[in-house]
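Residue numbers (the numbering used here): 1 to 236. Idealized CB from N, CA, C, for every residue including glycine.
Here is the structure:
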């Protein structure tokens with residue numbers, strides 16, 4: 001068998017062999033206390049962009065297991081107060097940077113109920129940023145272009161054994177607001193976690209996946225190995 005080809009799709013994953021094409025129009029992301037977002041409008045307020053430093057904690061420390069499977073963090077109430085004053089645009093997106101490693105990613109926000117000075121983050125996001133519990137991270141709000149293209153690579157081949165990968169990835173991406181090149185994000189299915197790495201994105205290395213049609217290519221899994229060639233001796 002030859003190496004699986006890159007298959008152009010619309011937001012969803014390939015099984016072994018050439019899969020069909022799919023299309024997904026991603027829905028708006030709903031956030032608690034959304035009624036308050038009516039006060040937000042495009043652009044930054046007179047105070048400039050939102051910036052703050054927090055100590056990173058895993059969402060496993062609080063009763064928010066569902067937050068593990070998305071890119072939304074939990075910020076303190078003071079963040080919402082500040083963001084409301086700045087009149088930032090919806091959905092709220094942030095650049096998150098580790099002050100120790102210098103690595104960065106992007107995320108949305110789920111709630112504003114964390115203790116002051118603390119942000120609760122999904123485990124996969126902390127791994128991408130090389131964070132330990134209590135490490136400092138810098139948050140800055142920003143706007144990201146709507147994604148038109150992304151290339152994903154399963155970390156392991158078993159992801160391609162999922163019977164209906166289209167439905168699985170559709171459901172997963174409803175919990176995401178953006179994708180960043182270099183990140184590995186988690187797909188949870190049947191109590192198993194599968195990792196997908198973002199290899200490429202257009203029109204930028206960080207894209208919004210809220211209300212957008214995004215074309216997707218898939219690379220062969222990282223652990224894929226070419227089958228060994230068997231040479232047969234010609235018949236005498």
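Between residue 221 and residue 155, the C-beta spacing is below 8 angstroms. Rounded to whole angstroms, the separation of the alpha carbons of residue 226 and residue 70 is 33 angstroms.
Annotation for residue 53: no alpha helix (DSSP H) segment contains it, though the beta strand (DSSP E) segment containing it runs 51–58. Judged by DSSP secondary structure, residue 98 falls within the beta strand (DSSP E) whose first and last residues are 93–98. In the three-state reduction of the DSSP assignment, residue 156 falls in the coil class, being assigned neither a helical nor a strand state. For residue 192, the enclosing beta strand (DSSP E) stretches over residues 192–202. In this structure residue 164 is exposed. Its beta-carbon is surrounded by fewer than 16 other beta-carbon atoms within 10 angstroms. Judged by their CB atoms, residue 200 and residue 140 are not nearer to each other than the 8 angstroms cut-off. Residue burial annotation: residue 49 is exposed, with fewer than 16 other C-beta atoms found within 10 angstroms of its C-beta.
Residue pairing from DSSP leaves residue 162 without any beta-bridge partner. Apart from sequence neighbours up to five positions away, the residues of its chain that approach residue 202 with a beta-carbon distance below 8 angstroms are 147, 148, 149 and 150, ordered along the chain. For residue 106, the three-state secondary structure derived from DSSP is strand. Counting only the Cα atoms, residue 105 lies some 14 angstroms from residue 92. Looking only at 145, 184, 209 and 224, the smallest Cα-Cα distance to residue 171 is reached by 209.
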